[in-house]
Amino acid sequence: DMGVLRYDKRLQQTAADAAALAGATNLPFDGAGSSGVIIGAQAASAQNGFTNNLGGGSCAPPPSNLGVNEVTVTVCNPPIGGPHTGDANYVEAYVTAGQPTYFMKILGIQSETISARAVATQLGSGPTDACLYTLGNPTASIEGVNINGSATLNASQCGIVDNGNFNTKGNALN
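The following block contains the structure:
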């Protein structure tokens with residue numbers, strides 16, 4: 008059961024990531040708290056196999072006691088948790104589903120409720136847009152951007168989003 012539930016959680020995380028990204032993509036068009044953010048997020052979740060079938064949608068903590076095949080897709084703008092709580096530039100999505108159990112039925116456990124959470128933002132248009140993204144662990148010594156030698160990095164029309172330790176070692180950054 009644990010292996011199947013971990014697999015289901017991974018699928019739900021993909022749907023939550025897509026929902027948060029789709030909702031954030033609608034922010035510039037609809038504004039914070041709009042129905043377009045929720046509709047876009049729920050549509051993206053449905054395209055990834057998790058269709059909201061319990062009428063959720065607006066922001067509320069995800070339920071913890073769903074039956075098998077019951078799904079809620081909850082969209083919060085602004086987020087209700089995490090480092091971006093209250094920031095209307097971010098969209099938080101929860102995909103919560105009741106997943107069946109197989110061996111745990113012997114103990115009377117028919118289903119487990121699994122919830123996946125994702126938060127996304129939409130960068131504006133213009134020079135604040137990023138054209139270079141790196142993903143690194145900011146607490147480790149991993150360098151997301153590391154420019155060595157006599158290099159120049161030109162990013163005059165966009166920004167750099169670096170989640171690692173940015174290091175130009177004395178080189179030019181334009």
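The sequence shown begins at 8 in our numbering and counts up one residue at a time.
Using N, Cα and C, we set each Cβ at its ideal position, and we do this for glycine too.
Note that the coordinates shown come from a computational prediction; the quantities given were computed from them, not determined experimentally.
Discussion item. Taking the straight line between their C-alpha atoms, what separation do you get for C83 and V75?
Written reply: If you take the alpha carbons of C83 and V75, they lie about 24 Å apart.
Discussion item. If I measure Cβ to Cβ from L34 and keep anything under 6 Å in the same chain, skipping five residues before and after, which residues do I get?
Written reply: Once the five neighbours on either side are set aside, the close Cβ partners of L34 are Q129.
Discussion item. Can you tell me where the beta strand (DSSP E) holding A123 begins and where it ends?
Written reply: Boundaries of the beta strand (DSSP E) harbouring A123: 118-128, taken from the DSSP string.
Worksheet entry | Assigned secondary structure, G133 (DSSP; H/G/I helix, E/B strand, else coil) | With a pLDDT of 39 at G133, under the threshold of 50, the modelled position of that residue is not reliable, and no figure is offered here.
Discussion item. Threshold first: 4 residues or longer. Then list the alpha helix (DSSP H) segments lying entirely within the segment 12-55, N to C.
Written reply: Secondary structure remark: continuous alpha helix (DSSP H) runs of at least 4 residues inside the segment 12-55, in chain order: 42-54.
Item to complete: Use the C-beta contact count for A67: other C-beta atoms within 10 angstroms, 16 or more gives buried, fewer gives exposed.
Response: Counting other Cβ atoms within 10 Å of its Cβ, A67 stays below 16 and is therefore classed as exposed.
Practice prompt. Count the other C-beta atoms from every protein chain shown that fall within 10 angstroms of the C-beta of A95, then say buried if there are 16 or more, exposed otherwise.
Written response: Under this definition A95 is an exposed residue.
Fill in: Of the listed residues A27, P69, M9, A125, nearest to A50 (C-alpha basis)
Ranking A27, P69, M9, A125 by CA distance to the CA of A50 puts A27 first.
Discussion item. Quick check: the Cα distance between Y101 and I121, rounded to an integer number of angstroms?
Written reply: If you draw a straight line from the Cα of Y101 to the Cα of I121, it comes to about 10 Å.
Worksheet item: Going straight from the alpha carbon of V126 to that of Q117, what length do you get?
Response: C-alpha of V126 to C-alpha of Q117: approximately 30 Å in a straight line.
Worksheet item: Could you check where the beta strand (DSSP E) with V80 kicks off and where it finishes?
Response: V80 -> beta strand (DSSP E) spans 78-83.
Worksheet item: Taking buried to mean at least 16 other C-beta atoms within 10 Å of its own C-beta, is L54 buried or exposed?
Response: According to the sequence as given, residue 54 is Gln; it is not Leu. Classification of Q54: exposed, given that the 10 Å Cβ count is below 16.
Discussion item. Classify F57: buried if its beta carbon has 16 or more other beta carbons within 10 angstroms, exposed otherwise.
Written reply: Taking a 10 Å sphere around the C-beta of F57, we find 16 or more other C-beta atoms and assign the residue as buried.
Worksheet item: Which residues bound the beta strand (DSSP E) around P107?
Response: Annotation: the continuous beta strand (DSSP E) that includes P107 extends over 97-107.
Worksheet item: Does the Cβ of Y109 have 16 or more other Cβ atoms within 10 Å, making it buried, or fewer, making it exposed?
Response: Looking at its Cβ environment, which holds fewer than 16 other Cβ atoms inside 10 Å, Y109 is exposed.
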